[in-house]
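In the UniProt record's numbering, the protein residues as written are 1 to 337. We put the CB at the ideal spot given by N, CA and C, even for glycine. Values in this document were obtained by computation on a predicted structure and should not be read as measured data. Read the structure below first, then the notes.
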Ligand SMILES: NC(=O)c1ccc[n+]([C@@H]2O[C@H](COP(=O)([O-])OP(=O)(O)OC[C@H]3O[C@@H](n4cnc5c(N)ncnc54)[C@H](O)[C@@H]3O)[C@@H](O)[C@H]2O)c1
């Protein structure tokens, strides 16, 4: 049986990836510190296959190295590296947390991966590494000038991975995600990071009356309606790209970097419109200040992922919102830890 290691596999995106891998007959080893990850997500997935849970914090390099070299992971050839912290605004308040968890945690993982002889890594990077767009849509060649420590920490990890590749032959796929939303249509796993820091998830919770939600957004950006434009990619589509990347690396595909977005940009108000239409409520809209580190407009050119991996996102904004509605109705407080 093929085996795979997933860091952050109890988290939002990681748990969707674990489900997909189990359904594709992989045995999955999950390494997580369960800060935002949920044990119940893994329990809900055990019906699909075998999961080995390693409770460890990537900041503890010794423990991670021991876990990866202990022998139980000897059949693992690929690691999917989702674990990390991810709030842009929190990173402006507490950069230390971001450099420790994302940079140091990843460097510890890379060293353990090298010692364990794991050949391939698939890394969750972000469009926040690009910073302000110099042209649109953003392709993978776009200059990388992060405007916040979160994006900077991810860019540093990209560079560390490239060094481990050049020095030790580690093969990689780096994915730069745009904004991830949506939920597993079967409601086995979903979004449990509460309070939510993501617009669509927060708006759906607000519309369902589960969490307070105010549409307070700067409306003086140079965009269609003044609010920031982002590219929202469905989590199930997103993990589909990871499965394709696993196969691509297993078949000897070259190390590469791919954007994962839809190529469509929506303003904050357009997202609110769609949530209101789906759920049938109305929000007041209050102009706010531009937040530190925030930029006007990003959306992806994902042609490279289509050409090399055969990946095409297919879930509409409306379907992704509906899946979130069903999820939050089933698990209003998220999953348990
Ligand atoms: N959600 C998005 O819109 C988005 C966009 C771009 C990139 N990403 C990246 O995708 C990845 C997954 O994001 P998510 O939305 O699933 O977040 P999440 O918070 O739900 O998942 C992160 C997981 O990593 C674990 N974790 C965090 N720090 C750890 C550490 N030091 N050691 C071990 N485990 C640790 C958490 O417990 C959790 O299970 C992150 O690396 C994030 O930067 C997410």
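In this structure, ligand 1 has no non-hydrogen atom nearer than 6 Å to the beta-carbon of residue 52. Partner residues in the beta bridge of residue 297, as assigned by DSSP, are 229. Judged by DSSP secondary structure, residue 81 falls within the beta strand (DSSP E) whose first and last residues are 76-81. Closest in C-alpha terms to residue 288, from the list 260, 62 and 214, comes 214. With a minimum length of 3 residues, the unbroken runs of beta strand (DSSP E) contained wholly in the segment 22-47 fall at 27-32. For residue 249, the uninterrupted alpha helix (DSSP H) run begins and ends at 235-250, by DSSP. The way I'd put it, the segment 225-238 doesn't touch the segment 163-171; fewer than three beta-carbon pairs between them come closer than 8 Å. Going by DSSP, residue 55 is part of the beta strand (DSSP E) stretching over 51-55. Using a Cβ distance threshold of 7 Å, residue 303 and residue 261 do not count as a contacting pair. Taking 6 Å as the cut-off, one finds at least one heavy atom of ligand 1 near enough to the beta carbon of residue 59.
Taken from the Cβ of residue 21, every heavy atom of ligand 1 lies 6 Å or farther away.
Residue 215 sits in a strand when the DSSP states are folded into three classes.
Looking at the DSSP output, residue 256 bridges to 173. CA-to-CA, the gap between residue 22 and residue 125 works out to about 23 Å. When C-beta atoms of the segment 205-214 are compared with those of the segment 316-335, three or more pairs fall below 8 Å, so the two segments count as touching.
The segment 172-179 makes contact with the segment 247-264; the number of CB pairs closer than 8 Å reaches 3 or more. The straight-line gap separating the alpha-carbon atoms of residue 8 and residue 51 is approximately 13 Å.
With fewer than 16 other Cβ atoms inside 10 Å of its own Cβ, residue 134 counts as exposed.
Fewer than three beta-carbon pairs drawn from the segment 264-275 and the segment 96-108 are found closer than 8 Å, and the two stretches are therefore not classed as touching.
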